[in-house]
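Take a look at the structure set out below.
In my numbering, the protein residues as written are 23 to 494.
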């Protein structure tokens, strides 16, 4: 057994029944699906933090940069999703194209991306919920409403929403799908209401110092705001259900990302025009800005929409991570217990409960700004590898069936790869080339993952050798 052992392409395709799905999605359906999956925690929470710390009103530019790079990445991502419609995502793609050790590394990156992403959502959900409760005269004591890094003991609301989302997923996809549809509608309505209510309060003087920080800082902001676009992978997963994959996926992915980018730019522009950017560093900037301008009702409506939107994103992250765990366990790289499916609800309940516990601990005890940054870095690494694999498989498997092909792949993929590397390094190194704390965490994470892999690898080798000797 080699650490570069690769998974069979045919075996990977045989593990999914995606080819039996009804082809019912049109381009319009995919645009709506994409808007529901993409617009979430990033715009409701991270916009204020990025404006206050990195970009100022130029957060609008940060959103445009992040959106353009995501469109390029999404095209490559979709080709792989159509070609290999398996639940393991980039983990499975890496296993086929690069080998087992790289698959293990990418599994850890996905865990980093989704775990910290879900924890960010939970922390932001907590902030908006506390805002609504405070408006009604209910104040949660700080020791139960903030992390130890923020002067509390535990962010209890964040822990509770993780428990609720996990319970709904534990009951299976049918009930979670119904709740998700309702919450997506509420979320999109609240975004529209914010734009309508906020527009009259725009003050041009708040934009006089449009880029108060450096260009480099604005690019760092773009790298963090990558988090706001990561939901597009849901569209890639729907590839096999499209009536015309080539046309529908192109329009659906690019359309939803362009619309999301426009919405984000409008919201960011209005937000930084309503209030001085240095006052927006909190987890509920949209509701805060409306309240600051005397729109209490609008603030409450936006807060409810934000809570709805973040609940859907949290459920999506926990669901996605449980499926990744399931796929990794199926390949023998995680304990088989993560393959267990509930006899009544048909859900991978052990994986859901395990992931929920980790998310609750991170969301309850660590500050959302750092957690969000680590999730964004995980996403950038994910997309870098996707850009490499899509080119590699075009060379190694040119005749494989691809219902969707990334246009000009040897132009698009290199551009997305270089862009992701550049944005990633903006979060790893400061302007003087010094390693940031987030960079240290990522490096330490990768070292730990490799050590664990080789411990697992040699332990497995020893067990196989003992088993072979016992048979002789």
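Here a beta-carbon is modelled for each residue, glycine too, at the ideal position from N, C-alpha and C.
Predicted model, so just to flag it, every value in this text is computed and none were measured.
Within the same chain, Cβ atoms closer than 6 Å to the Cβ of residue 73 are found at 81, 294, 299 and 302, the five residues on either side in sequence being excluded. When the five nearest sequence neighbours on each side are left out, the beta carbons in the same chain lying within less than 6 Å of the beta carbon of residue 143 are those of 63, 332, 335 and 336, in order along the chain.
For residue 334, the uninterrupted alpha helix (DSSP H) run begins and ends at 318-352, by DSSP.
Between the region 430-437 and the region 273-285 there are fewer than three inter-stretch CB-CB distances shorter than 8 Å, so the stretches are not counted as touching.
Restricted to the region 75-153, not a single beta strand (DSSP E) segment is unbroken, complete and at least 3 residues in length. Put simply, of 450, 464 and 25 the residue whose alpha carbon is nearest the alpha carbon of residue 458 is 450.
Taking each of 102, 133 and 78 in turn and checking the Cα distance to residue 346, the smallest one comes out for 133.
Setting aside the 5 residues that flank it on each side, residue 407 is surrounded in the same chain by 112, 116 and 128, each with a C-beta closer than 7 Å to its C-beta; the list follows chain order. Look at residue 315 here: in three-state DSSP terms it is coil, with no helix or strand label. Residue pairing of residue 456 in beta bridges, as defined by DSSP: absent, with no partner found. DSSP places residue 297 outside both helix and strand once states are collapsed to three, so it counts as coil. The secondary-structure analysis by DSSP pairs residue 167 across a beta bridge with 177.
Shown here, residue 442 sits in a helix according to DSSP, grouped into three states. Separation of the CB atoms of residue 52 and residue 270 is rounded to 6 Å, and the pair is thereby assigned contact status at 8 Å. With distances taken between CA atoms, residue 170 lies nearest to 383 out of 440, 383 and 419.
The region 150-160 and the region 357-374 do not touch, with fewer than 3 CB-CB distances between them shorter than 8 Å. According to DSSP, residue pairing for residue 216 in a beta bridge does not occur. The region 413-422 and the region 220-232 do not touch, with fewer than three beta-carbon pairs separated by less than 8 Å. Annotated three-state conformation of residue 47 is strand, per DSSP. Here residue 396 has 134, 138, 460, 463 and 464 as same chain residues with Cβ atoms under 8 Å from its own Cβ, once five neighbours each way along the sequence are excluded. A Cβ-Cβ contact shorter than 7 Å links residue 287 with residue 85. Judged by pairs of C-beta atoms under 8 Å, the region 353-362 does not touch the region 239-256, as fewer than three such pairs exist. Looking at 326, 342, 265 and 400, the one whose alpha-carbon comes closest to that of residue 215 is 326. In the displayed model, residue 193 falls within coil according to three-state DSSP, outside both helix and strand.
The closest CA to that of residue 228, considering only 56, 248, 422 and 292, is found on 292. Residue pairing of residue 54 in beta bridges, as defined by DSSP: absent, with no partner found. Distance between residue 379 and residue 210, taken at the CA atoms: about 29 Å. Comparing alpha-carbon positions, the option among 344, 405 and 122 lying closest to residue 476 turns out to be 122.
Taking a contact as a CB-CB distance under 8 Å, the pair residue 60 and residue 253 counts as one, their CB atoms being some 4 Å apart. For residue 426, there is no enclosing alpha helix (DSSP H), as DSSP gives it neither H nor E. When only Cα atoms are considered, residue 97 and residue 275 end up about 8 Å apart. Residue 314 is a Cβ neighbour of residue 297, given a cutoff of 7 Å.
Here residue 451 carries a strand assignment [DSSP, helix/strand/coil].
Counting along the chain, the unbroken alpha helix (DSSP H) around residue 382 starts and ends at 371-387. Judged by their CB atoms, residue 401 and residue 248 are nearer to each other than the 7 Å cut-off.
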